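This report refers to the structure that appears directly beneath it.
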Amino acid sequence: MVGDTIGDFIIRLKNAGAVGKKTVSVPYSKLRHAVASKLVAAGYLESAEAKGKTVQTKTLEITLKYKDGAHRISGVKRVSKPGRRLYTKVADIYPVKFGKGHLIISTPAGILTNDEARAQNMGGEQLFIIW
């Protein structure tokens, strides 16, 4: 069993892109599905859809996105970890990589990017940075 499910999820995406895979299959959870949906909206992934009917067999099928043969995810950094949660208020939310990346935040309104969180004036737990 994996202790850090979000860390495992983002590293699977990064590694699959590094070797040129088209799709990735990860165990399903509502949090992973919400994060994948935000990454699709931000342009890092092509699509993300749930497959399977029971809890034991349900997976999240993710289609990776490439631009000119290069994977759209250049790097990821896990910010809040299971041993050390990191929370931020809206005043401390900053642009990532001079606006070229995104900070994914878990807020009371759901999973948001740094731009969406600032627009909604909402802070929360910083999950990871992606660029």
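For the sequence shown, position 36 matches number 21 in the working numbering, and the numbering has no gaps at all. Virtual Cβ for every residue (Gly too), placed ideally from N, Cα, C. These numbers come from a predicted model, not from an experiment.
(1) For S32, name the three-state secondary structure that DSSP assigns.
(2) Which residue from Q41, Y51, S14 puts its Cα closest to that of E34?
(3) Which same chain residues end up closer than 7 Å to S59 when comparing Cβ atoms and leaving out the 5 residues on each side of it in sequence?
(4) Assign F113 to buried or exposed, taking buried as 16 or more other Cβ atoms, counted over all protein chains shown, within 10 Å of its Cβ.
(5) Count the C-beta pairs between the segment 46 to 54 and the segment 64 to 82 that are closer than 8 Å, then say yes if the count reaches three, no if not.
(6) Any idea what DSSP makes of A26, helix, strand or coil?
(7) Whose CA, out of G95, P12, A1, G54, lies closest to the CA of V40?
(8) Between I(-9) and V20, which are expected to be in contact by the criterion C-beta below 8 Å, what is the C-beta distance as a whole number of angstroms?
(9) Look at the alpha carbon of G5 and the alpha carbon of H56, and state the distance between them as a whole number of angstroms.
(10) Look up T39 in the DSSP assignment and give the residues it is bridged to.
(11) Taking L30 as the reference, give the member of K(-1), K82, K43 with the closest Cα.
(12) Can you tell which of A94, Q105, A104, S10 has the C-alpha that lies nearest to the C-alpha of K43?
(13) Quick one: what does DSSP say L112 is sitting in, helix, strand or coil?
Quick look at the numbers:
(1) On the sequence shown, residue 32 is found 47 positions in, with the first residue counted as 1. Here S32 sits in strand by DSSP.
(2) Numbered from its first residue, the sequence shown carries residue 34 at position 49. Looking at the Cα atoms, S14 is the closest of the given residues.
(3) As a first step, residue 59 must be located in the sequence shown, where it is residue number 74. Closer than 7 Å at Cβ, skipping near neighbours: W116.
(4) What you label residue 113 is simply residue 128 of the sequence shown in a count that begins at 1. Classification of F113: buried, given that the 10 Å Cβ count is 16 or more.
(5) no
(6) By one-based count along the sequence shown, residue 26 stands at place 41. Correct three-state label for A26: helix.
(7) Counting from one through the sequence shown, the residue named residue 40 turns up at place 55. Checking every option, the nearest Cα to that of V40 belongs to P12.
(8) As a working mapping, residue -9 is identified with position 6 in the sequence shown. As a working mapping, residue 20 is identified with position 35 in the sequence shown. Confirmed, about 7 Å.
(9) Sequence index remark: in the sequence shown, residue 5 carries index 20 (1-based). Sequence index remark: in the sequence shown, residue 56 carries index 71 (1-based). When rounded, the distance between both Cα atoms is 8 Å.
(10) Working through the sequence shown from its first residue, we reach residue 39 at position 54. BP columns for T39 are empty, so no partner.
(11) Position 45 of the sequence shown, counted from the start, is the residue given in the question as residue 30. Among K(-1), K82, K43, the Cα nearest to that of L30 is on K(-1).
(12) Start at 1 with the first residue of the sequence shown, and residue 43 comes out as number 58. It is S10 whose Cα lies nearest to the Cα of K43.
(13) Residue numbering aside, residue 112 sits at position 127 when the sequence shown is read from its first letter. Three-state DSSP puts L112 in a strand.
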